[in-house]
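Residue numbers (UniProt numbering): 1 to 153.
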């Protein structure tokens with residue numbers, strides 16, 4: 001019998017997020033990100049399952065225990081467990097601000113793109129990223145950065 005050759009892990013198909021109320025949490029994700037149910041909601045399952053645009057599933061799993069979705073890195077910064085890839089980060093950022101979603105300061109990470117951190121109603125910390133230099137023209141990148149970072153010519 002031969003061993004595994006190459007990378008055996010293709011993709012992340014599901015992410016599990018601890019929440020207090022799956023239905024309310026699902027409604028929050030729908031309102032703020034436009035996610036749809038992957039399967040019909042069933043209260044007996046103690047979770048809501050939503051689908052990201054590329055097909056991955058976001059399981060909002062009811063818990064009565066402590067919600068501890070973050071961890072400190074070596075420097076003491078509370079890390080998020082995952083980063084969502086997005087398009088039109090400026091539109092999403094404006095939308096979340098308008099909806100009073102708790103968000104942290106925008107960061108321009110040069111070749112890694114533009115990121116910001118947001119929190120769900122249960123305090124779970126997430127990151128979003130758009131590699132603007134890859135997906136947009138240099139003129140569009142300048143407009144996005146001017147909009148998000150209030151750059152003045």
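The beta carbon of each residue, even a glycine, is placed where N, CA and C say it ideally should be.
- For residue 110, the three-state secondary structure derived from DSSP is helix.
- The Cβ neighbour count for residue 68, taken over all protein chains shown within 10 Å, is under 16; the residue is labelled exposed.
- Under the Cβ criterion (8 angstroms, minimum of three pairs), the stretch 95 to 112 does not count as touching the stretch 40 to 55.
- The residue from 124, 150 and 51 with its alpha-carbon nearest to that of residue 14 is 51.
- DSSP places residue 48 in the strand class (E or B) of the three-state scheme.
- Its Cα nearest to that of residue 77, the residue 117 stands out among 63, 117, 90 and 64.
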